[in-house]
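4 protein chains.
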Amino acid sequence: MKVGFIGLGRMGAAMAANLIAAGHDVTVWNRSPHKAAPLAERGATIAATPADAAQGSVVMTMLADDRALEAVAFGPDGIAGAPALHVSHSTIGVALAERLAAEAGPGGFVSAPVFGRPAAAEAAQLFVVAAGDPAALDRCAPLLDAIGQRTFRVGDAPPAANLVKLSGNFMIMAAVEAMAEAMTLAEKGGVDRRTLLDVMTGTLFDAPIYRTYGAFLVEDRFRPAGFTAPLGLKDMGLVDAAATAARVPMPLLGIVRDHLRAAIAIEGEDVDWVAAGLAVRRAAGLD
Amino acid sequence: MKVGFIGLGRMGAAMAANLIAAGHDVTVWNRSPHKAAPLAERGATIAATPADAAQGSVVMTMLADDRALEAVAFGPDGIAGAPALHVSHSTIGVALAERLAAEAGPGGFVSAPVFGRPAAAEAAQLFVVAAGDPAALDRCAPLLDAIGQRTFRVGDAPPAANLVKLSGNFMIMAAVEAMAEAMTLAEKGGVDRRTLLDVMTGTLFDAPIYRTYGAFLVEDRFRPAGFTAPLGLKDMGLVDAAATAARVPMPLLGIVRDHLRAAIAIEGEDVDWVAAGLAVRRAAGLD
Amino acid sequence: MKVGFIGLGRMGAAMAANLIAAGHDVTVWNRSPHKAAPLAERGATIAATPADAAQGSVVMTMLADDRALEAVAFGPDGIAGAPALHVSHSTIGVALAERLAAEAGPGGFVSAPVFGRPAAAEAAQLFVVAAGDPAALDRCAPLLDAIGQRTFRVGDAPPAANLVKLSGNFMIMAAVEAMAEAMTLAEKGGVDRRTLLDVMTGTLFDAPIYRTYGAFLVEDRFRPAGFTAPLGLKDMGLVDAAATAARVPMPLLGIVRDHLRAAIAIEGEDVDWVAAGLAVRRAAGLD
Amino acid sequence: MKVGFIGLGRMGAAMAANLIAAGHDVTVWNRSPHKAAPLAERGATIAATPADAAQGSVVMTMLADDRALEAVAFGPDGIAGAPALHVSHSTIGVALAERLAAEAGPGGFVSAPVFGRPAAAEAAQLFVVAAGDPAALDRCAPLLDAIGQRTFRVGDAPPAANLVKLSGNFMIMAAVEAMAEAMTLAEKGGVDRRTLLDVMTGTLFDAPIYRTYGAFLVEDRFRPAGFTAPLGLKDMGLVDAAATAARVPMPLLGIVRDHLRAAIAIEGEDVDWVAAGLAVRRAAGLD
Chain A
84 MKVGFIGLGR MGAAMAANLI AAGHDVTVWN RSPHKAAPLA ERGATIAATP
134 ADAAQGSVVM TMLADDRALE AVAFGPDGIA GAPALHVSHS TIGVALAERL
184 AAEAGPGGFV SAPVFGRPAA AEAAQLFVVA AGDPAALDRC APLLDAIGQR
234 TFRVGDAPPA ANLVKLSGNF MIMAAVEAMA EAMTLAEKGG VDRRTLLDVM
284 TGTLFDAPIY RTYGAFLVED RFRPAGFTAP LGLKDMGLVD AAATAARVPM
334 PLLGIVRDHL RAAIAIEGED VDWVAAGLAV RRAAGLD
Chain B
84 MKVGFIGLGR MGAAMAANLI AAGHDVTVWN RSPHKAAPLA ERGATIAATP
134 ADAAQGSVVM TMLADDRALE AVAFGPDGIA GAPALHVSHS TIGVALAERL
184 AAEAGPGGFV SAPVFGRPAA AEAAQLFVVA AGDPAALDRC APLLDAIGQR
234 TFRVGDAPPA ANLVKLSGNF MIMAAVEAMA EAMTLAEKGG VDRRTLLDVM
284 TGTLFDAPIY RTYGAFLVED RFRPAGFTAP LGLKDMGLVD AAATAARVPM
334 PLLGIVRDHL RAAIAIEGED VDWVAAGLAV RRAAGLD
Chain C
84 MKVGFIGLGR MGAAMAANLI AAGHDVTVWN RSPHKAAPLA ERGATIAATP
134 ADAAQGSVVM TMLADDRALE AVAFGPDGIA GAPALHVSHS TIGVALAERL
184 AAEAGPGGFV SAPVFGRPAA AEAAQLFVVA AGDPAALDRC APLLDAIGQR
234 TFRVGDAPPA ANLVKLSGNF MIMAAVEAMA EAMTLAEKGG VDRRTLLDVM
284 TGTLFDAPIY RTYGAFLVED RFRPAGFTAP LGLKDMGLVD AAATAARVPM
334 PLLGIVRDHL RAAIAIEGED VDWVAAGLAV RRAAGLD
Chain D
84 MKVGFIGLGR MGAAMAANLI AAGHDVTVWN RSPHKAAPLA ERGATIAATP
134 ADAAQGSVVM TMLADDRALE AVAFGPDGIA GAPALHVSHS TIGVALAERL
184 AAEAGPGGFV SAPVFGRPAA AEAAQLFVVA AGDPAALDRC APLLDAIGQR
234 TFRVGDAPPA ANLVKLSGNF MIMAAVEAMA EAMTLAEKGG VDRRTLLDVM
284 TGTLFDAPIY RTYGAFLVED RFRPAGFTAP LGLKDMGLVD AAATAARVPM
334 PLLGIVRDHL RAAIAIEGED VDWVAAGLAV RRAAGLD
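Protein chains in written order, with the working numbering: chain A, 84 to 370; chain B, 84 to 370; chain C, 84 to 370; chain D, 84 to 370.
This is the structure we're talking about:
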């Protein structure tokens, strides 16, 4: 399939490489052009503008935040209105997804955010959460198969997928908060944190999220950041915006946002978002 | 081994039956004597008093709350000071565990609370969290093997096990709160709750706790209660007492306790503790 | 002084009338022109555009929210860059105040939000919180004296005044939350809400805010709204934005925002912001 | 009137002195007998046991906490069942007040907790919150007039007065939390804390509680403690117990308790309860 790919950060570059490997005809664009070079070596065409990358069947975007995607979509030579079906993988807010859907070109618009860290992207093992017109979803299905291990269809309205993705990120932070509180209580009560984690992951909480983030917490491993606290705070702000619009009280979200703010205030802008758990320890007088 | 078992509710009766099945010489006692009859048919001796059940090598207790265990231990004909090693399986507070350890008889005291619902107890598939003197733990190890699938040793001081058990219950309620908030946001945003749950348990949250409690939430299945909200609120009160004593701020615990109170206030004393999630829905104007 | 006044809602119209009464030469503008007529009868000139109202010494603005002020300032025929000193009375966010200061014309920019309900505006009894260049503050001081009982100068950077105003609104909602929780506890414990309020305002909490909002709570008087819950939620969102930018955890703000969302979800968009207290009652099963 | 007074801490000693000054025939008892000497010099009789102080018309108690009052009432030579009307001024829990009422002697039981610091007690300027049988309240009214500036009658059931007193202490802590959050936001936004406080107390929050505690916060004055954080945490625990019993969610109470725990964890057991506000600053990275 003739497909464009915009946004060649660590995640996007890996996804684009997997599309090439699957035999698709890929055109790439990135704001910093040097990131396109390694993909060109693998056979990708380099586009001069975002719009140029959106002249085929599908254009996929994987950008850092709402602002970056707005620039690519609605800025000069943007892709809004271009012929290709726009498949958006970025973690963006509900309001922007609604606007992208409303102002899409003839190809239409699909929201398809992903779960997974860069290693999963490289291994084509992402989970894709997709929403949009069923025919459009069918059209891009082979591409989604090329980047992920499984695609979940969650509705006909594209913002549904963004809501699910944001909810997932919220639930990760909620699990971090729960572990941090339990570990702090245990530690001050004389129980080693790792012991608590081993019991939890060995019984009721035998899920990757608890193993991965639990280990970060036990080891106070907050740098280098896999996903920074300010980016996490931005995502939680998108959840908050959705909750405000829908009139949904979310007290646990409030705690999570407070602890991300605290982590940044105390530790700096470069810590991993799991450092939210550090705010719990500090409030209990530890360290 | 000659072992006593006190407390023949649904959990305790199943555990005692498994001890008999494993070939141990079991003496049972229960405040309501009729519950002992089925075990007598399987070969158990019925004791006249708690103390009578504590004359062998080990006496195990599985009672509803601190008060019930205090009566059995320190009341008339209580087991405190009796020759047997006291192995306490009840979910009790840290302060009571400390007192039981301090006032134990020559056999000593081990805390060994369990994770698992009645079905797991019947199948001898409980998880046991044990703490106490290593020699005492070795002595009762065959008994713990007879009731559970795995025993975690978490320390030499018995209250450590209670702290781990209470932390686990807190983490369950934390997961319920996280799911309830995410599901409410999703539902008001047009995404079916079951869809959200399927994505979460199919990706990052592939753990029994999310599958089980998530299904209860999606189906608003709060009666009959597997574990009632007032009992859950009592347990969370034990966590709160430990957090107060150790000077540990636990804001997520505060939310959980508030939502258990709300669930009881709105729905009645007989609902399951997962109804804490209902408080989230109601606050968002649903139902 | 030759002064423009933009924004003739109930607050703005009263403030403009007081400027006329104090002998100033007032030019008014309002998006819905019919609201200007009563002021014209009192001697005001009606401007054709916002910019026309900003050709004198000072132009004062009193608008509903950030969006309305942005339209007046940066829209077609806007006042940004016009010769007059811009004195902004609206309750707006810190970020917008920074932009207004940065893009002000030769007259400069002063933030001067006010505390007080419409009755206080009519009686020229507002409290004015002002920040900006001292010389600019001196220039507009007679105008501020004409609309309020007292002006507090809180700094040289205009956004300081907005931060103080937003903090005040937050503290009002915090007092409402405190009263609502205490009243609900008292009521379910058999103590009349009015009795509790009388003791509090008769002892430690003898302040207008407790008397006024306390009475609303005791009487469940939420309609008609003096200040609607959605507007209150918007203001609390501005506090939240400032807290996010400054990395300040504000858990009480989180509660307040949740309860405003709940009040709107349960009761509708037209309730007073004091209905946040109703969310507390409902969560306790009352009504 | 022949009246006993038990509990001669700084508050109780001042209250007893005022009873003597008002011409009553006062018998005193204190666990540490040396504290009775100064009152004996003023004319008080020293009782040998609590019961000896409860043989007249009325016996008043002013003790540190539930445990101390339980010892005086239900311990050896306790006052429960003695002939005098028991008037309890201590800040105690609802459950203990219920028990004292149920086990009172022929004279009956009245709850009459007070608001005010030691200086107010010395000046007979306390506020008294009283509940109980109206005839009993009439009987002790002259005594209450001798120790306070005003008595509020809040119901016929004694625990009502305790609930009001506890609610008042909660509302004080809520105001501290609100000020601490607003001050921290202001400070990180470039506004001096004292400036913010001056505006608030000069406008909507012109109440003693804001002036007094606001000044402590602005000056970070947490030692020596007028009322220690551990005592404040104990009081908030009594509110929490009442809220649990009555099934009332109180999220703001949860925050206050967390911040008292944090203040003690970070600063030590000897800080004033207003140090709860310090937890807010620390979480924002200040100091």
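Every residue gets a Cβ at the ideal spot worked out from N, C-alpha and C, and that includes glycine. The structure presented is a predicted model; accordingly, all values stated were derived computationally and were not measured.
State yes or no: is the beta carbon of residue i nearer than 8 angstroms to at least one beta carbon in chain B?
i: A/F210; result: yes
i: A/A243; result: yes
i: A/T267; result: yes
i: C/G238; result: no
Would you grab the beta carbon distance between residue i and residue j for me? Rounded to a whole angstrom, and I think it's under 8 angstroms.
i: D/V141; j: D/V212; result: D/V141 to D/V212, Cβ: 17 angstroms. No contact.
i: A/P332; j: C/D341; result: 4 angstroms
i: B/N101; j: B/A229; result: 5 angstroms
i: D/V259; j: D/A308; result: 14 angstroms between Cβ atoms; not a contact.
i: C/G315; j: C/L343; result: 6 angstroms
i: A/L335; j: A/A257; result: 6 angstroms
i: C/M145; j: C/M84; result: Contact doesn't hold; Cβ gap of about 17 angstroms is too wide.
i: B/T286; j: A/F210; result: 4 angstroms
Look at residue i and residue j and say whether their C-beta atoms are less than 8 angstroms apart.
i: C/H172; j: C/F192; result: no
i: B/I349; j: C/G188; result: no
i: C/I347; j: A/R330; result: yes
i: D/L227; j: D/A325; result: no
i: B/S250; j: A/A265; result: yes
i: C/G269; j: C/L279; result: In the sequence as presented, Gly is not what sits at residue 269 of chain C; that position holds Ala. Yes.
i: A/A104; j: A/A127; result: no
i: C/N252; j: C/D160; result: no
i: D/R364; j: D/T267; result: yes
Please classify residue i: does DSSP put it in a helix, a strand, or coil?
i: C/G360; result: helix
i: A/L168; result: strand
i: D/G231; result: strand
i: A/V141; result: strand
i: B/L226; result: helix
i: C/I89; result: strand
i: A/T128; result: strand
i: C/T327; result: helix
i: D/V211; result: strand
i: B/V354; result: coil
Can you check whether the C-beta of residue i is within less than 8 angstroms of a C-beta belonging to chain C?
i: A/G320; result: yes
i: D/I347; result: no
i: B/A258; result: no
i: A/P196; result: no
i: B/G272; result: no
i: A/A325; result: no
i: B/P334; result: yes
i: A/D221; result: no
i: B/A366; result: yes
Could you confirm whether any beta carbon from chain A is found closer than 8 angstroms to the beta carbon of residue i?
i: B/L314; result: no
i: B/P291; result: yes
i: B/R330; result: yes
i: B/G285; result: yes
i: C/G337; result: yes
For chain D, check one thing: does any of its Cβ atoms lie closer than 8 angstroms to the Cβ of residue i?
i: C/A261; result: yes
i: C/E205; result: no
* Can you check the segment 239 to 321 of chain C for any alpha helix (DSSP H) of at least 4 residues that lies completely inside it and give the ranges in chain order? => Counting only runs of 4 or more, we get 242 to 271, 276 to 285 and 291 to 301.
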